[in-house]
Every structure is written in structure tokens, then in C-alpha cells.
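For the sequence shown, the residue numbers in the UniProt record's numbering are 1 to 414. These notes concern the structure reproduced below.
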Amino acid sequence: MSASPHSSLVIIGGGPAGLMAAETARAQGIEVDLYEAKGSVGRKFLIAGKGGMNLTHGESRPAFDQRYGERAGDIGQWLDDFDADALRAWARGLGVETFVGSSGRVFPSDLKAAPLLRGWVHRLRESGVRFHVHHRWLGWRDDGALHFATAEGESFVHARAVVLTLGGGSWPQLGSDGAWQTWLTERGVDVAPLQPSNCGFDIGWSDFLSSRYAGAPLKPVAAHWRDADGSMHLRQGECVITETGIEGSLIYALSASLRDAIAAQGHATLELDLAPDRSLDRLRHDLAKPRGSRTFSEHLRRQAGLAGVKTALLHEVLDPTQRNDPDILARTIKCLPLRLKQARPLAEAISSAGGVRLEAMNDALMLITLPGVFCAGEMLDWEAPTGGYLLTACFASGYRAGLGAAKWLKGSSA
1 MSASPHSSLV IIGGGPAGLM AAETARAQGI EVDLYEAKGS VGRKFLIAGK
51 GGMNLTHGES RPAFDQRYGE RAGDIGQWLD DFDADALRAW ARGLGVETFV
101 GSSGRVFPSD LKAAPLLRGW VHRLRESGVR FHVHHRWLGW RDDGALHFAT
151 AEGESFVHAR AVVLTLGGGS WPQLGSDGAW QTWLTERGVD VAPLQPSNCG
201 FDIGWSDFLS SRYAGAPLKP VAAHWRDADG SMHLRQGECV ITETGIEGSL
251 IYALSASLRD AIAAQGHATL ELDLAPDRSL DRLRHDLAKP RGSRTFSEHL
301 RRQAGLAGVK TALLHEVLDP TQRNDPDILA RTIKCLPLRL KQARPLAEAI
351 SSAGGVRLEA MNDALMLITL PGVFCAGEML DWEAPTGGYL LTACFASGYR
401 AGLGAAKWLK GSSA
């Protein structure tokens with residue numbers, strides 16, 4: 001068991017929110033020690049950047065803010081201090097230029113996360129931030145010391161202020177396992193249960209579709225769904241068939257509404273337009289043409305431009321009599337009903353919803369019941385779609401918590 005060192009500010013968690021909190025507080029002259037459970041910082045950041053580091057989004061405010069749903073007002077305040085433009089300027093300060101892609105997403109010019117992270121960590125070390133890896137936080141000791149498990153045994157650290165940036169519950173193998181929920185609730189912090197966000201859903205395909213088409217992309221398609229207020233919405237995009245159901249960017253964008261509908265009703269109905277570029281009348285007309293000796297699949301390919309997995313989906317929901325009725329077939333192509341049973345497990349999700357309720361904190365992201373303890377990042381109760389919005393809010397919350405902790409330590413009102 002190691003001795004109990006003292007620190008001005010301890011930051012626990014080495015993701016973007018934690019690193020930004022460290023940078024912000026250090027710039028205010030605060031001594032900073034950052035503790036990370038894994039052997040290196042930024043692991044989820046690196047994994048997320050493997051397919052091209054989507055750093056933020058080029059959408060203008062206030063439309064940008066609305067991506068955060070019911071938390072738009074709160075996160076809008078964070079963005080007032082550190083928004084997408086500030087994030088791009090920050091990256092430029094590390095020698096990394098960015099560009100806006102055709103989808104509006106913002107990427108580093110080399111599309112890589114590793115150079116950005118390396119440069120950032122180097123700058124933090126040079127500024128005096130002290131890193132302590134392989135330190136897994138286990139809560140507090142009775143005297144208020146922070147309790148860590150290390151390879152050498154237990155370690156206890158006293159800190160004047162703490163910023164917790166422990167992530168949500170997705171991708172636990174990278175460190176965000178949600179274990180912190182117990183230690184905070186025991187100390188009176190209001191924590192909303194963690195739920196999967198930006199996730200896939202189970203449907204329960206036939207063995208044929210599951211074995212033959214798992215991994216097959218569905219594009220282009222448009223989704224119709226009804227929100228909690230009963231309003232219908234339409235969104236075009238792409239998704240992917242899985243062994244158990246469906247996932248992909250289009251589904252992730254709708255995941256909060258679909259998840260909440262399942263919680264309220266026991267299931268959710270998602271309707272897909274398999275031919276968004278063709279009208280219902282055109283499909284009716286073309287599909288009514290004589291088939292002759294052609295198979296259903298060949299007739300569908302010629303008259304509706306559908307093949308492969310889209311044809312298989314029609315087999316999945318229509319019996320032979322219905323498939324031979326041009327009107328029913330056309331209406332199903334434009335509105336294929338899928339009954340979603342449940343979201344995929346939290347560990348598989350891209351991100352999580354739930355966490356420390358913002359009502360449990362002040363504007364500086366300090367816990368009301370634990371003065372001097374701040375929280376930031378995905379462990380807070382907010383969610384956003386993919387596309388750079390998640391990462392931007394993590395940076396912005398880290399900036400706000402780091403600044404709040406610095407003011408607290410200097411004796412100002414945090």
C-alpha cells in the first residue's frame with residue numbers, strides 16, 4: 001500500500017473530456033495529476049478514429065445544438081465556451097488542419113486520430129500535467145482520499161478538487177464500464193441508469209435471411225418512424241442487416257426514439273422505404289406489368305430495381321399471395337414494417353445515454369452534493385447522434401469542468 005500523496009487537482013479518466021479538463025486547468029496555473037485505468041490515454045478516441053477521425057460537424061448553430069435533444073439548452077451553454085469552430089482551431093494549434101466532408105462531418109486532413117492524440121499528450125506533458133496510468137479508481141476512502149488499484153497494490157490520493165471523466169457504459173473493454181455509478185449514488189448523487197445509444201436493434205430474422213444476408217448493406221433506404229409525441233418523421237440513409245436485426249448510421253440516428261418506444265410499448269415499429277427514388281404510383285404501374293416466365297426476384301429487379309437483401313426482406317414480411325399482388329407489393333416496398341424487439345446490449349453500443357443528471361450539478365459541472373468534485377464527458381446524462389456531435393460535447397464539457405475546477409481552487413465561485 002502506497003503512501004497518501006496530495007494533489008491540487010486530480011482528473012480521473014484519460015479520454016477527450018479528461019484531457020481537455022487537464023489542459024484547461026493547467027492553463028489557469030493549476031497543478032494537475034491525471035489518472036487512467038488503462039496503460040495509455042485516449043484508447044476509445046483512437047478506436048473511433050480508425051475509420052477516419054470524425055472530430056466534429058460543420059453544421060451551424062443553433063441547429064447544431066438541437067442534435068442534443070432535450071439537453072440542447074444545457075449543452076448549448078457549454079458550446080458557447082467551446083464549440084465546433086473552437087475545436088477546429090484547437091486542432092490547428094496542434095498542427096492538425098481539418099476539412100468539412102460532403103456529409104458536413106469534420107475530419108483531420110490526414111483522417112487519423114493518432115497524430116492528434118500524440119501531439120496533444122506531448123503538449124500536456126510539456127505543460128506540466130502529470131500522468132499516472134494503470135490506476136483504476138475504486139471510489140473514496142472514509143477520510144475522503146481517492147482510492148486506486150494499481151499493479152503495485154492500493155494507492156490513496158488526497159486532492160483539493162477532482163474532475164471525473166469516466167465515460168459511460170459502452171465499449172467497457174476500453175475502460176468505460178460504468179462502475180462509478182455505485183460510488184456516486186452512495187454519496188447522494190442522482191444518476192440516471194445507463195442505456196445503449198447509437199446502437200443496433202434485434203428483430204429476429206428467419207434463419208435464411210440471418211445466415212445469407214448478415215452484414216449486407218441496405219442503401220439507399222428511408223426510414224419512417226413515430227416519435228413519443230405521435231408525430232411521423234422521415235429520414236434517408238444507410239443501414240446494415242445483422243444476424244439478429246439491424247444497425248448502421250441511419251438506425252443510430254433514430255436509436256433514442258426507438259429505444260424509448262420499446263421501453264414504453266414493449267416494441268417499436270420502424271418502416272423502411274426500399275425504393276426512396278421511386279413513387280408509389282410508378283411502382284404500382286411497373287409491378288403490374290406481366291411477369292411471364294420470370295421469377296419474382298427477376299421481375300422485382302427489372303420493374304423496381306430491387307435485388308439481394310431488399311428482395312429477401314420482402315420475402316420476410318409477405319406471403320406468396322401478397323407478393324403476387326402489385327398494390328400490396330408496391331406499398332410494402334415503400335413502407336416495409338420491421339418490429340424491433342430490443343436494443344442491442346450496452347457494451348456493444350457506440351455510446352450510452354443516462355449518467356449523472358445535469359440537475360445534480362451546477363453550471364460549472366460541479367456536483368451539488370460533493371463540493372469540489374466535477375464531472376464531464378459521456379458519464380453525464382446526455383446523448384447525441386454520431387457525426388462529431390458526441391465528441392464535440394465531450395470536449396466542451398471537459399473545458400467547462402476544467403475551468404470550473406480551476407476557479408474553485410482559486411477560491412472563486414465555481
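Where a beta carbon is used, it is the ideal one built from N, C-alpha and C, also for glycine. This one's a predicted model, so the numbers in the text were calculated from it and none came from an experiment.
Where the alpha helix (DSSP H) containing glycine 18 begins and where it ends: Stepping through the sequence shown from its first residue, residue 18 is reached at position 18. Start and end: 16-27.
Runs of beta strand (DSSP E) lying entirely within the stretch 136-202, each at least 3 residues, in chain order: 136-140, 146-150, 153-164, 191-197
Burial state of aspartate 81, where buried means 16 or more other Cβ atoms lie within 10 Å: One-based indexing of the sequence shown puts residue 81 at position 81. Looking at its Cβ environment, which holds fewer than 16 other Cβ atoms inside 10 Å, aspartate 81 is exposed.
Option nearest glycine 175 by Cα separation, candidates Glu238, Arg323, Ala37: Translated into positions along the sequence shown, residue 175 becomes position 175. Of the candidates Glu238, Arg323, Ala37, the one whose C-alpha sits nearest the C-alpha of glycine 175 is Ala37.
Where the alpha helix (DSSP H) through leucine 79 begins and ends: The count along the sequence shown starts at 1 and reaches residue 79 at position 79. Leucine 79 -> alpha helix (DSSP H) spans 72-81.
Stretch-stretch touch, CB-based, cutoff 8 Å, three pairs: the stretch 158-173 with the stretch 339-357: yes
Classification of methionine 232 by the beta-carbon crowding that lies within 10 angstroms, buried from 16 upward: Numbered from 1 along the sequence shown, position 232 holds the residue referred to as residue 232. Result: exposed.
Arginine 235, buried or exposed, once every other Cβ within 10 Å from all chains shown has been counted against 16: Working through the sequence shown from its first residue, we reach residue 235 at position 235. Exposed, since its Cβ has fewer than 16 Cβ neighbours within 10 Å.
C-beta atoms of isoleucine 30 and valine 163 nearer than 8 Å: By one-based count along the sequence shown, residue 30 stands at place 30. By one-based count along the sequence shown, residue 163 stands at place 163. Not a contact, by the Cβ cut-off of 8 Å.
Whole alpha helix (DSSP H) elements within the UniProt domain "RsdA/BaiN/AoA(So)-like insert" (195-351), 4-residue minimum: 207-213, 249-265, 280-287, 296-304, 309-317, 320-323, 326-334
Terminal residues of the alpha helix (DSSP H) in which threonine 392 lies: As a first step, residue 392 must be located in the sequence shown, where it is residue number 392. 389-409 is the span of the alpha helix (DSSP H), which, as asked, contains threonine 392.
Cutoff 7 Å; reference threonine 150; Cβ partners in own chain excluding five residues on either side: As a position in the sequence shown, residue 150 is number 150, starting the count at 1. Hits under 7 Å: His134, His135.
Candidates Ala264, Phe296, Glu97, Arg105: closest to glycine 119 by CA position: Taking the first residue of the sequence shown as position 1, residue 119 is located at position 119. Taking only the C-alpha atoms, the option nearest glycine 119 is Glu97.
Closest residue to leucine 166 among Met53, Leu34, Ala264 (Cα-Cα distance): Along the sequence shown, read from residue 1 onward, the residue named residue 166 stands at position 166. The shortest C-alpha separation from leucine 166 is found at Leu34.
Sufficient close CB pairs (3 or more, under 8 Å) joining the stretch 45-64 to the stretch 189-208: no
Isoleucine 11 in three-state terms, based on DSSP: Numbered from 1 along the sequence shown, position 11 holds the residue referred to as residue 11. Isoleucine 11 falls in the strand class under three-state DSSP.
Exposed unless 16 or more other CB atoms sit within 10 angstroms - verdict on valine 309: In the sequence shown, counting from the first residue as 1, residue 309 sits at position 309. Counting Cβ neighbours within 10 Å, valine 309 comes out buried, since at least 16 surround it.
Cβ pair serine 255, arginine 160 closer than 8 Å: Position 255 of the sequence shown holds residue 255. Position 160 of the sequence shown holds residue 160. No, Cβ-Cβ distance for serine 255 and arginine 160 is not below 8 Å.
Stretch pair the stretch 274-287 + the stretch 370-384: three plus CB contacts closer than 8 Å: no
Straight-line gap, asparagine 324 to histidine 315 (C-alpha atoms, nearest Å): Within the sequence shown, the letter at position 324 stands for residue 324. Within the sequence shown, the letter at position 315 stands for residue 315. Going from the Cα of asparagine 324 to the Cα of histidine 315 covers about 11 Å.
Spatial neighbours of tryptophan 180 in its chain, beta-carbon cut-off 6 Å, leaving aside the 5 residues before and after: Taking the first residue of the sequence shown as position 1, residue 180 is located at position 180. For tryptophan 180, where only same-chain residues beyond five positions count, the Cβ hits under 6 Å are Leu166.
Where glycine 377 sits in the DSSP three-state scheme: Position 377 of the sequence shown, counted from the first residue, corresponds to residue 377. In this structure, glycine 377 counts as helix in the three-state DSSP scheme.
CA nearest to the CA of arginine 141, picked from Gly128, His132, Leu209, Phe156: To locate residue 141, count along the sequence shown from 1; it is residue 141. Out of Gly128, His132, Leu209, Phe156, Phe156 has the C-alpha closest to the C-alpha of arginine 141.
Local Cβ density within 10 Å of valine 373, reported as buried at 16 or more and exposed below that: Reading the sequence shown from its first residue, position 373 is the one you call residue 373. Buried.
Three or more C-beta pairs below 8 Å linking the stretch 57-73 and the stretch 360-367: no
Option nearest arginine 123 by Cα separation, candidates Asp277, Trp137, Arg26: Counted from its first residue, the sequence shown places residue 123 at position 123. Of the candidates Asp277, Trp137, Arg26, the one whose C-alpha sits nearest the C-alpha of arginine 123 is Arg26.
Distance, glycine 305 Cα to serine 297 Cα: Along the sequence shown, one-based indexing puts residue 297 at 297. Along the sequence shown, one-based indexing puts residue 305 at 305. So the alpha carbons of these two residues sit roughly 10 Å apart.
Coarse secondary structure for histidine 134, derived from DSSP in three states: Numbered from its first residue, the sequence shown carries residue 134 at position 134. Histidine 134 falls in the coil class under three-state DSSP.
Contact under 8 Å by Cβ, glycine 388 with leucine 55: The residue you call residue 388 lines up with position 388 of the sequence shown. The residue you call residue 55 lines up with position 55 of the sequence shown. Yes, the pair counts as a contact, with Cβ atoms nearer than the cut-off.
Terminal residues of the beta strand (DSSP E) in which aspartate 33 lies: The sequence position of residue 33 within the sequence shown is 33, counting from 1. 32-35 is the extent of the beta strand (DSSP E) around aspartate 33.
As assigned by DSSP and simplified to three states, the class of valine 121: Residue numbering aside, residue 121 sits at position 121 when the sequence shown is read from its first letter. If DSSP states are grouped into helix, strand and coil, valine 121 belongs with the helices.
CB of leucine 300 within 8 Å of CB of leucine 336, strictly: Position 300 of the sequence shown holds residue 300. Position 336 of the sequence shown holds residue 336. No, Cβ-Cβ distance for leucine 300 and leucine 336 is not below 8 Å.
Under 8 Å between C-beta atoms of glycine 200 and glutamate 247: Mapped onto the sequence shown, residue 200 falls at position 200. Mapped onto the sequence shown, residue 247 falls at position 247. Yes, the pair counts as a contact, with Cβ atoms nearer than the cut-off.
Beta-carbon proximity list for glycine 404, same chain, < 7 Å, skipping 5 on both sides: On the sequence shown, residue 404 is found 404 positions in, with the first residue counted as 1. Cβ neighbours of glycine 404 beyond the five flanking positions: Ala364, Leu365, Met366, Phe374, Ala414.
Arginine 92 burial status per 10 Å Cβ neighbour count (16 or more: buried): For the purposes of this step, residue 92 is taken as the residue at position 92 of the sequence shown. Arginine 92 comes out exposed.
Coarse secondary structure for alanine 353, derived from DSSP in three states: Here residue 353 refers to the residue found at position 353 of the sequence shown. Of the three classes helix, strand and coil, the one that applies to alanine 353 here is strand, per DSSP.
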